[in-house]
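Chains as they are written, first to last, in my numbering: chain F, 81 to 708; chain A, 81 to 708.
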């Protein structure tokens with residue numbers, strides 16, 4: 081992206097802002113469904129900033145532009161913003177104001193605008209408009225569909241304090257970009273057979289309605305695409321790496337409406353849905369709340385899973401109860417059928433990863449680039465049965481690039497590999513039988529003592545968590561230190577969570593549980609439960625030098641019930657050898673070495689039938705027992 | 081205590097209850113200061129139940145009596161309640177209703193009483209009386225001074241639901257016991273020199289007023305004796321094992337009133353107090369709020385550190401802001417002077433404990449009882465400079481008795497020791513230079529494989545926490561699994577927290593921080609901070625068989641500040657050898673063995689100068705390096 085282009089785009093946006101007396105235009109990363117991965121149609125933040133990371137918020141004023149992003153993206157954002165005039169704000173860094181703090185300060189310094197023209201623009205808009213007040217000084221604009229209720233509330237608060245209108249009903253950035261954004265994807269929707277899901281959508285609806293009765297609500301509105309895909313047992317192709325389709329859903333005790341593009345639903349599916357009690361309606365009709373909602377209904381919504389625009393719409397029409405979406409918890413606890421498929425999928429996925437590792441260890445690195453290595457992984461995986469797509473863009477990062485947690489190598493702009501140092505590969509696939517996510521860091525030749533020490537401590541942490549035993553009632557916060565401890569002892573921290581939930585043929589990041597030592601403010605901690613799937617991915621990231629991450633997917637299992645309570649443990653789903661070359665066994669305890677050996681034995685036993693003879697021989701060596 | 085006596089006492093109470101149409105009389109464990117250890121004058125729950133544990137609540141109805149106590153006391157309470165007709169309710173056990181749930185259910189089943197007589201009794205009482213309503217059926221009685229605000233609120237709620245009056249202004253149990261309770265202790269108050277405290281009371285008041293300004297309050301009322309002793313740098317003798325004195329304190333921006341028995345404060349202290357800005361007033365005058373409080377004052381109180389009676393009094397008189405007592409946090413973070421004294425105190429305390437261990441290892445156990453062993457510890461400690469008293473009743477528990485976490489051996493009723501098995505000794509002292517609390521479990525001869533395994537895993541947990549390294553921002557919940565992990569792996573849990581704060585020449589249990597994996601509902605987690613003192617005491621308690629606990633006191637220290645944040649660690653304050661006889665080194669990692677050896681070296685180097693030659697020689701052997 082040329083810096084020139086970005087500057088031009090920002091200036092066009094500023095012209096549009098002037099029309100609306102807009103002091104600050106905020107462009108979040110988002111779509112109307114609070115999706116983590118955003119389709120190109122909605123990628124306005126990228127369009128106006130050039131920053132390609134998966135998280136970030138751009139704020140544009142008359143003279144300035146600022147982009148907030150988190151620790152995973154500091155390095156990448158710094159590089160991508162260079163020359164654009166956009167200032168990088170390091171979200172979460174000590175002393176750095178967040179966007180709300182910045183906004184308040186900024187608005188304090190603003191002179192008043194006139195606001196009469198503004199009112200003209202609003203005429204014709206319906207209820208829910210900000211009350212201009214006597215002396216409002218202009219407006220803060222954000223497309224209300226693209227932000228969460230929480231963000232909307234906080235921006236509203238900032239606007240109020242700054243004596244500004246809050247304009248959330250319009251999309252200034254989208255109007256500026258206009259035709260330059262690709263149209264919204266609407267791919268054909270297909271069914272995921274009950275042999276994979278283990279539950280019919282009717283059964284899932286019944287489980288949700290049971291929770292709704294506990295909450296004493298009449299209805300429940302859902303925005304999030306993975307929840308809707310899970311409930312309906314349907315999958316789509318609208319967002320890269322996420323087999324979901326654009327939709328909303330409304331459930332009450334008698335009806336269930338699926339708002340989706342009718343052209344994308346094959347006729348036989350419409351019939352099948354109807355048999356499960358689900359009625360199809362056009363996608364945009366969700367905003368016509370009077371068509372499906374009584375005024376006296378009490379509707380359950382989860383504010384951080386709902387777009388602000390729709391929430392305001394609901395508020396103006398019926399009664400709203402803030403709470404948790406039952407489907408988020410229900411889909412996190414995998415059923416026996418899902419777990420069986422997951423185990424099988426991971427064996428195949430592990431075999432593909434093992435083939436990749438064999439290949440990279442037998443190829444001269446100097447003939448390869450990061451991008452080529454990544455493409456090889458994707459190719460090997462794409463040949464597997466039930467494969468749909470990657471579950472995220474494979475990260476293939478060599479040397480210092482691996483210090484960027486979410487680095488993305490471009491074909492025409494990436495590092496060449498050498499016969500030394502570490503290559504980090506973080507990759508996964510969407511399969512009919514589940515979603516995979518694995519990271520391995522491999523030595524391409526000699527590595528430094530420091531790299532080995534970090535690698536070994538990341539490995540120790542990964543093994544400690546994978547082999548944890550804990551009482552039911554523990555959350556991810558209780559166990560996080562197991563993964564982080566060895567690196568903390570070394571004075572190193574990875575500035576992100578240790579692990580996240582993973583969907584079943586759905587989002588590679590899925591709630592409600594996670595493994596982290598600190599929770600974001602006001603977010604709830606969820607107990608780990610048997611059947612939950614979670615990643616275990618400690619790492620070490622030394623800016624400008626190297627990056628290491630070792631990641632397995634685990635599932636939580638019941639271990640023992642006795643007089644002290646219910647003890648739980650993890651079972652590794654990921655079955656991929658861990659490179660022994662950078663391991664310093666002298667840093668590991670006998671117990672840790674035992675865990676590594678046992679894991680490697682399981683990997684070999686499970687994977688080897690799917691390998692060719694030379695690969696199998698190599699795997700036998702790569703998983704050989706370490707001596708304490 | 082004879083069961084007969086208990087039954088008689090309960091029946092006399094029931095007569096009193098009848099007079100007041102009292103359906104349920106609740107007798108908590110407490111004094112008006114929310115003290116953990118309660119002076120004999122207030123020990124009504126013990127008087128009416130015979131149960132001697134430090135925590136429990138008795139509920140008496142016309143026909144029943146029930147006692148709630150927690151996991152530490154299940155075994156002891158079962159024994160002590162036998163024959164009294166009082167039913168034991170296991171607080172915290174799955175499916176067991178708590179007192180509020182029980183009360184609601186019980187009241188549902190009650191017939192209506194008349195209430196006219198009751199109103200007569202109330203005549204002459206002032207504002208704050210329950211509104212009898214039209215159809216109140218009787219009352220629930222509890223002495224409002226003896227319960228926390230939280231408990232009062234919940235009982236009030238139960239009474240309301242059950243259509244009962246809530247009678248908190250009278251003390252039915254106290255009136256019944258009458259002269260049989262010993263009078264309230266009022267010992268002479270003395271000053272703790274600034275050379276120990278490191279801060280004058282004037283400086284402490286300034287720090288508190290700074291927090292009060294942040295909270296935007298006019299005044300602050302304190303009930304808790306350890307906070308008042310800390311603020312005033314005074315100590316007393318009113319509660320066994322706690323060098324505190326009965327008092328209240330009110331602080332506003334101009335004045336500070338200490339409500340205490342003037343006869344107990346030497347004249348020169350009154351003068352010194354006044355120089356620090358503290359005015360002495362009679363103890364009971366705290367209830368005359370109009371004497372020191374303006375009606376429009378906003379007063380900060382911490383509801384769970386305030387008695388319900390005084391809280392109601394405040395509410396009827398001025399504005400109240402619920403919050404945290406600044407002194408609770410301020411006193412938890414020990415200053416440099418306190419830490420220096422603590423280190424020195426622990427060296428002497430450790431030497432006394434070592435002398436005890438030498439003695440017990442060189443005495444024929446069959447000539448001793450638990451009580452004699454405990455007395456020996458107390459004697460040895462009492463000879464140390466600056467000694468005031470034990471910091472709690474020494475627990476000396478042999479074999480199966482040690483499974484009772486808070487067992488207390490009586491001289492005339494305790495176990496004889498044998499040449500086998502484990503003796504658990506949990507003991508501590510109050511010194512001018514700080515408060516100690518240490519537990520060691522020692523083998524008196526052969527011990528079983530299972531005992532050894534539990535002992536070794538408790539030790540591993542103790543060492544893992546003691547040697548933890550963690551980022552600032554961690555609370556006790558983040559690190560608890562380090563101590564608990566090895567026992568959890570074995571399928572064993574100790575049903576209590578891992579550690580508690582410790583006062584400086586004050587309560588042996590002190591907040592606000594703690595180390596536990598689960599927090600009590602609605603309690604706040606506090607970050608660990610440099611200077612905080614905390615115990616580290618994992619254990620294994622196998623009912624009817626054995627009990628093990630290994631406890632060190634730690635202080636939190638700054639380890640390293642770097643780009644990742646502030647790393648912290650613990651320094652052990654306790655310096656007492658850990659019995660190696662029951663250790664199974666083959667269960668320990670090299671790292672753990674290294675930690676044990678380093679700790680033992682520190683113990684030997686610090687303690688040996690204070691020992692006699694034969695003791696020193698023994699210590700050298702008892703702290704010898706273990707080989708991995």
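Cβ coordinates follow ideal geometry from the N, Cα and C atoms, glycine included.
Remember, predicted model here, so these are calculated numbers, not experimental data.
Proximal residues, the region 536–559 of chain A versus chain D, C-beta separation under 7 Å
Given the protein chain composition of this structure (F and A), no chain D is represented.
In the DSSP assignment, find the beta strand (DSSP E) that holds residue 401 of chain A and state where it starts and stops.
399–402 is the extent of the beta strand (DSSP E) around residue 401 of chain A.
Three-way DSSP call (helix, strand, coil) for residue 498 of chain F in this model:
Residue 498 of chain F: coil per DSSP, three-state reduction.
Indicate whether at least one CB of chain F lies closer than 9 Å to the CB of residue 671 of chain A.
At least one chain F Cβ lies under 9 Å of residue 671 of chain A.
Among A/530, A/514, A/504 and A/456, which residue has its Cα nearest to the Cα of residue 273 of chain A?
When each option's Cα is compared against that of residue 273 of chain A, the closest is A/514.
Quick check for students: name the residue ranges of the beta strand (DSSP E) that lie wholly in the region 209–286 of chain F, counting only runs of 3 or more.
The qualifying runs are 219–222 and 245–247.
Going straight from the alpha carbon of residue 268 of chain A to that of residue 435 of chain A, what length do you get?
Near 33 Å, if we compare the C-alpha coordinates of residue 435 of chain A and residue 268 of chain A.
Which residues, in order along the region 631–662 of chain F, keep a beta-carbon less than 7 Å from a beta-carbon of chain A?
If you check each beta-carbon in the region 631–662 of chain F against every beta-carbon of chain A, the ones closer than 7 Å belong to 640, 642, 644, 645 and 647.
What residue range is occupied by the uninterrupted alpha helix (DSSP H) comprising residue 675 of chain A?
670–687 is the span of the alpha helix (DSSP H), which, as asked, contains residue 675 of chain A.
Can you tell me where the beta strand (DSSP E) with residue 95 of chain A in it begins and where it stops?
Looking at the DSSP string, residue 95 of chain A is not in any beta strand (DSSP E); the run it does join, the alpha helix (DSSP H), is 83–99.
How is the beta strand (DSSP E) around residue 590 of chain F delimited, first residue to last?
Per DSSP, residue 590 of chain F belongs to the beta strand (DSSP E) from 590–595.
Collapsed DSSP secondary structure at residue 792 of chain A in the structure displayed:
The displayed coordinates of chain A run from 81 to 708. Any statement about residue 792 of chain A would go beyond what the structure contains.
Complete beta strand (DSSP E) runs within the region 299–349 of chain A (minimum length 3 residues, chain order)
For the region 299–349 of chain A, whole beta strand (DSSP E) runs of length 3 or above, ordered along the chain, are 299–302, 327–332 and 336–340.
Where does residue 59 of chain A land, buried or exposed, given buried means 16+ other C-beta within 10 angstroms?
Only positions 81 to 708 of chain A appear in the structure, and residue 59 of chain A is not among them; the question remains open.
Does residue 596 of chain A pass the burial test, meaning 16 or more other C-beta atoms within 10 Å, or should it be called exposed?
Buried, since its Cβ has 16 or more Cβ neighbours within 10 Å.
What would DSSP say about residue 165 of chain F, mapped onto helix, strand or coil?
Here DSSP, grouped into helix, strand and coil, assigns residue 165 of chain F to coil.
If you reduce the DSSP assignment to three classes, tell me which class residue 470 of chain F lands in.
Under the three-state reduction of DSSP, residue 470 of chain F is assigned to strand.
Beta-ladder partner(s) of residue 658 of chain A, from DSSP
As far as DSSP is concerned, residue 658 of chain A takes part in no beta bridge.
Residue of A/332, A/310, A/315 and A/308 minimising C-alpha distance to residue 292 of chain A:
Closest by alpha carbon: A/332.
Let me see if you follow: with CB-CB separation under 9 Å, is residue 562 of chain A close to chain F or not?
Yes, its Cβ sits closer than 9 Å to a Cβ of chain F.
Host alpha helix (DSSP H) of residue 541 of chain F (start-end)
Note, residue 541 of chain F: alpha helix (DSSP H), 529–546.
Return no unless some Cβ of chain F is closer than 9 Å to the Cβ of residue 707 of chain A.
No Cβ of chain F is located within less than 9 Å of the beta carbon of residue 707 of chain A.
Listing by chain order, which chain A residues have their CB less than 7 Å from the CB of residue 597 of chain F?
Within chain A, the residues near residue 597 of chain F are 554 and 558.
Considering only C-alpha positions, which residue in the set F/176, F/305 and F/146 is nearest to residue 162 of chain F?
Minimum Cα distance to residue 162 of chain F is reached at F/146.
Within 10 angstroms of its Cβ, does residue 346 of chain A collect 16 or more other Cβ (buried), or is it exposed?
It is exposed - the Cβ of residue 346 of chain A has fewer than 16 other Cβ atoms within 10 Å.
Cβ neighbour criterion (16 or more within 10 Å) applied to residue 447 of chain A
Classification for residue 447 of chain A: exposed.
What residue range is occupied by the uninterrupted beta strand (DSSP E) comprising residue 457 of chain F?
Premise fails: residue 457 of chain F lies in the alpha helix (DSSP H), 450–462, not in any beta strand (DSSP E).
Looking at the unbroken beta strand (DSSP E) that takes in residue 628 of chain A, where does it start and where does it end?
The continuous beta strand (DSSP E) containing residue 628 of chain A extends over residues 626–629.
Does the distance from the C-beta atom of residue 551 of chain A to that of residue 635 of chain A stay below 9 Å?
Not closer than 9 Å, so no.
The region 571–585 of chain F: positions lying closer than 7 Å to chain A by Cβ
Those would be 571, 572 and 573, in chain order.
Report the neighbours of residue 568 of chain A on chain F: residues whose CB is nearer than 9 Å to its CB, in chain order.
Chain order gives the chain F residues near residue 568 of chain A as 548, 549, 550, 551, 644 and 647, where near means a beta carbon separation below 9 Å.
Closest to residue 711 of chain A by C-alpha separation, out of A/416, A/575, A/344 and A/355, would be which residue?
Since the displayed chain A opens at 81 and closes at 708, residue 711 of chain A lies outside it and no answer follows.
Residue 31 of chain F versus residue 562 of chain F: straight-line alpha-carbon distance, rounded:
Chain F is shown from 81 up to 708; residue 31 of chain F falls before or after that span and cannot be answered.
Are any of the Cβ atoms in chain A nearer than 9 Å to that of residue 119 of chain F?
So no, residue 119 of chain F is outside the interface.
Quick one: measure Cβ to Cβ for residue 397 of chain F and residue 370 of chain F, integer angstroms, because I've assumed they're closer than 8 Å.
Contact holds; Cβ gap of about 6 Å.
Is it buried or exposed, residue 405 of chain A, if we count other Cβ atoms within 10 angstroms and call 16 or more buried?
Residue burial annotation: residue 405 of chain A is buried, with at least 16 other C-beta atoms found within 10 angstroms of its C-beta.
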